[in-house]
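With this note's numbering, the residue at position 48 of the sequence shown is 65, and numbering never jumps.
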Amino acid sequence: MDLKRLLFSALVCAGVGAVFGLAAAQISPSPYQSQNYINLTRRYPWIGAAAGFCGGGIISAVQQLNEQYDRQNR
């Protein structure tokens, strides 16, 4: 498995996830006044980045394992 390719894919997807988190924070501001809810919108980019990193890494790993399986079983 190519670790560089896996990390690159995970980092690119983390960046995309962070952008989606920023968009979600701008689109849906919290209607509540509690400090917990106000701070939650600051966490959206981090949550999106973490989800993107995990998702991108998993997708890249599955793709690489599928390619490896195809090479072995031709």
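Each residue gets a CB set at the ideal place from its N, CA and C atoms; glycine is no exception.
All figures in this text were calculated on a predicted structure; none of them were measured in a lab.
Asked: R91 - DSSP class collapsed to helix/strand/coil; Found: coil
Asked: Helix, strand or coil at Q52 according to DSSP, with G and I counted as helix; Found: helix
Asked: Candidates Q81, G72, S47: closest to Y61 by CA position; Found: S47
Asked: Extent of the continuous alpha helix (DSSP H) to which S26 belongs; Found: 20-44
Asked: Three or more C-beta pairs below 8 Å linking the stretch 81-90 and the stretch 53-67; Found: no
Asked: For A31 and A68, the rounded distance between their alpha carbons; Found: 7 Å
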